[in-house]
Each structure stands twice: as C-alpha cells, then as structure tokens.
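Numbering (the working numbering), first residue to last: 14 to 370.
The following block contains the structure:
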C-alpha cells in the first residue's frame, strides 16, 4: 500500500492527494496550531462564571470523564493547576472495560473530585442491531454507526446535568490528534462536500441495505444523535462549552503518558496502546477498519503526531506495526458476548475485505 512519504496516510485515505514527492495534501497544508495557554483558559472560565446568575456554588465546571487517557490527563491537570471546583461526569454506555471503570474511580478519589456516573441504554439497545445490519452488507462507511447512542448519551447527560445543577461550564477532553476525521468522509457521497453530502451518503447506504432502519428504536437513536451531536443541538447559550486541547492546552503524548504512569492509570488489557482503549466497541471498530481499509485511527492519529513534530515518521511506523491491529480473538469475545452468531460474523468479515480491492 502506497503511503505518504512524510506521514503514514495511505493512498485510499478519503480526500488524499500526493504531490510529485509523494507527500500528501494533509502534510502540505498543515499549519501548527496556536494555543492560547492555561492562563487564557482560566481567564475565560472566570469571566464566564462572573456573568452566570444563580449558579451552583459547589461546582464551577462539569467535566466529561470517559476514563480514557485524554480526559483522565486533562482532569488531573486542571484540578492540580487551577482553583476551579469540578464535578466529574461519566456516561456509562454499558461497554466500559473494567480497567476504565477502575481508572475513573481511582482518579476521582485521588483528586477528591465528586464523581457522577449515569447509565444510559442508547448504545446497548442499538449496537447489536447495527452490527447485524452491517453484516448483511459489510461496507466500511457504516462501521462508524456501531457506536450510535454513545455520543447521544454523553451530550444529553452532560447538558442535562449542567442544567439541573446550574453549573455554568462544561469541559471535555477531545483532542485535535484523535485521528477519526476519515470516518465522516467515508460516509459522504462526495468527501469534498459538507453536511448535505454526509446525509446523502447515509441515505444512499440505507437504500442499499434497508436493514439499518428496520428497528424503530434504533432509527430513533440514529436521528437523535444526528440532531443533538452532529448538529450540536445539545449546546445552549446558558453554558460555556470548552475543549481545552483544541485551543488552550497543547496535547503532548509524552507528557500525557508520563502523567498517567504517575497516577497508576491502566490501559485496557486487550488494547496494544493507550489509544482508544476505553470502550469495547471502539476495539471492534478499529479491527474492522483495519481489515476492510488497511488502516484505522492509529494510522491517522500517528500521522497527526508526525506533522506536529512529536514523532518521526520512522518511530510512528514502528509503532503502527506494533499497535495498529486488534486481535481476532479479542473481537470474537466481544461478538460472542453480544450473542451474535460468530460464523455469520466471520463470513461478513471476509466480504468486508473485498473493499480494499
């Protein structure tokens, strides 16, 4: 497979183009992010708190804690380096590994931060149907829908908790180096276009495989997640929603890993890296993208780190070779736990590999 000579992105990555030197357009067009710094973040939060009437005096901010490496590191940093009062909110979608649950519990106890865990069933009620729908026509563009309901649970949970308790600020640990932009473009009818192309692509895939909409409950979850998450309707003018890694604090992997090691954070047993290890469904998706496309979030995320100067291409490639794959045994454990026929899944898996060709 042909890859960019500067990063790791392959020739079948959506929207990719190569110049005469075999350098991709993503590397050519890359500009370093400009970070405003922690002081600017503190100032923005403090200013907003001053304008919020009848606010909760116990908490200044509600923090979205998934138990993954990024949110765990960010909560630790903010608690240690600011004076704001945090409530840690975790939306339990039903597929959190035990290591993730321990990370959440241990971190909040060490930081003396109140932990609120709210369970939701959006994902557990939908994921089996969505996987079985994919099995009928295993196209990689639809793998992203396996997680439908997860973002809905997080967004609605955070928003409702903040509203109920009059907490002015909502903070999440999303980073610009997560490596998943290709998933939307896979579904788009034309990757160069915007939301209308995304919707058109979804409708086209449904027309090819109507199984996706034969369960009314799952359709409801799909539509709600699109409305609240992708159209960002969960946000309102009464709350300040911040993504510190996007514009205030630079995400540095070595700093993140070093801090996590200090606090005893554990990666999921079946994951080969600290990346995307906080959900069993994420592991399944990584596996299927790799099998059908030849790449997954690791190729994308490591390429981001190469462009940012945190890794050399050689080091990134070595890590990709050791971290880029999820074992079939791990995947089959997940499939068996869901009560999905393993032989039928393997047949669909073989069909999905034809997409590379």
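Glycine included, each C-beta is placed from N, C-alpha and C at the ideal position.
Per-residue DSSP class, three states only, for residue i
{"i": "residue 23", "result": "strand"}
{"i": "residue 180", "result": "coil"}
{"i": "residue 78", "result": "coil"}
{"i": "residue 127", "result": "strand"}
{"i": "residue 187", "result": "coil"}
{"i": "residue 39", "result": "helix"}
{"i": "residue 97", "result": "coil"}
{"i": "residue 261", "result": "coil"}
{"i": "residue 308", "result": "coil"}
{"i": "residue 364", "result": "helix"}
{"i": "residue 391", "result": "Residue 391 falls outside the range modelled here, since the chain spans only 14 to 370, and no answer is possible."}
{"i": "residue 7", "result": "The question about residue 7 has no answer here: the residues shown for the chain are numbered 14 through 370."}
{"i": "residue 339", "result": "coil"}
{"i": "residue 277", "result": "coil"}
Distance between residue j and residue i (C-alpha atoms, nearest Å)
{"i": "residue 246", "j": "residue 240", "result": "6 Å"}
{"i": "residue 370", "j": "residue 166", "result": "Only weak support exists for where residue 370 lies, its pLDDT of 45 falling under 50; the value from the coordinates is given anyway. If I take the Cα positions, the gap works out to 37 Å."}
{"i": "residue 17", "j": "residue 276", "result": "37 Å"}
{"i": "residue 257", "j": "residue 105", "result": "23 Å"}
{"i": "residue 164", "j": "residue 103", "result": "12 Å"}
{"i": "residue 109", "j": "residue 132", "result": "11 Å"}
{"i": "residue 330", "j": "residue 315", "result": "8 Å"}
{"i": "residue 82", "j": "residue 259", "result": "16 Å"}
{"i": "residue 201", "j": "residue 324", "result": "31 Å"}
{"i": "residue 204", "j": "residue 301", "result": "21 Å"}
{"i": "residue 271", "j": "residue 216", "result": "45 Å"}
{"i": "residue 50", "j": "residue 97", "result": "16 Å"}
{"i": "residue 213", "j": "residue 280", "result": "38 Å"}
{"i": "residue 122", "j": "residue 92", "result": "12 Å"}
{"i": "residue 267", "j": "residue 47", "result": "19 Å"}
Spatially closest choice to residue i from the options, by CA coordinates
{"i": "residue 85", "options": "336, 328, 194 and 278", "result": "278"}
{"i": "residue 4", "options": "40, 75 and 135", "result": "Shown here, the chain extends from 14 to 370; a query on residue 4 therefore has no answer."}
{"i": "residue 126", "options": "143, 150, 101 and 114", "result": "101"}
{"i": "residue 255", "options": "39, 54, 214 and 28", "result": "54"}
{"i": "residue 111", "options": "187, 293 and 15", "result": "293"}
{"i": "residue 218", "options": "151, 73, 140 and 317", "result": "151"}
{"i": "residue 25", "options": "272, 329, 143 and 153", "result": "153"}
{"i": "residue 181", "options": "313, 252 and 137", "result": "252"}
{"i": "residue 118", "options": "297, 143 and 89", "result": "89"}
{"i": "residue 137", "options": "160, 195 and 338", "result": "160"}
{"i": "residue 156", "options": "310, 183 and 319", "result": "310"}
{"i": "residue 250", "options": "232, 183 and 226", "result": "183"}
{"i": "residue 139", "options": "130, 158, 14 and 149", "result": "158"}
{"i": "residue 338", "options": "271, 350 and 298", "result": "298"}
{"i": "residue 178", "options": "65, 280, 220 and 31", "result": "65"}
{"i": "residue 322", "options": "196, 58, 67 and 44", "result": "44"}
{"i": "residue 58", "options": "162, 223, 95 and 235", "result": "95"}
{"i": "residue 351", "options": "143, 113, 48 and 35", "result": "143"}
Supposed close pair residue i, residue j - CB separation, criterion 8 Å
{"i": "residue 333", "j": "residue 21", "result": "6 Å"}
{"i": "residue 348", "j": "residue 355", "result": "6 Å"}
{"i": "residue 305", "j": "residue 366", "result": "6 Å"}
{"i": "residue 185", "j": "residue 264", "result": "Their Cβ separation, rounded to whole angstroms, is 13 Å, which puts residue 185 and residue 264 out of contact at 8 Å."}
{"i": "residue 99", "j": "residue 72", "result": "7 Å"}
Residues sharing a beta bridge with residue i, DSSP
{"i": "residue 132", "result": "105"}
{"i": "residue 53", "result": "DSSP, once it has assigned bridges, lists no residue as partnering residue 53."}
{"i": "residue 175", "result": "Its beta-bridge partners do not exist; DSSP assigns none."}
{"i": "residue 6", "result": "Residue 6 is absent from the structure shown; the chain starts at 14 and stops at 370."}
{"i": "residue 253", "result": "182"}
{"i": "residue 239", "result": "In the DSSP output, where bridge partners are listed per residue, residue 239 has none listed."}
{"i": "residue 31", "result": "37"}
Proximity test, residue i beta-carbon vs the ligand SAM heavy atom, cut-off 7 Å
{"i": "residue 144", "result": "This structure does not include the ligand SAM; it has no bound ligands of any sort."}
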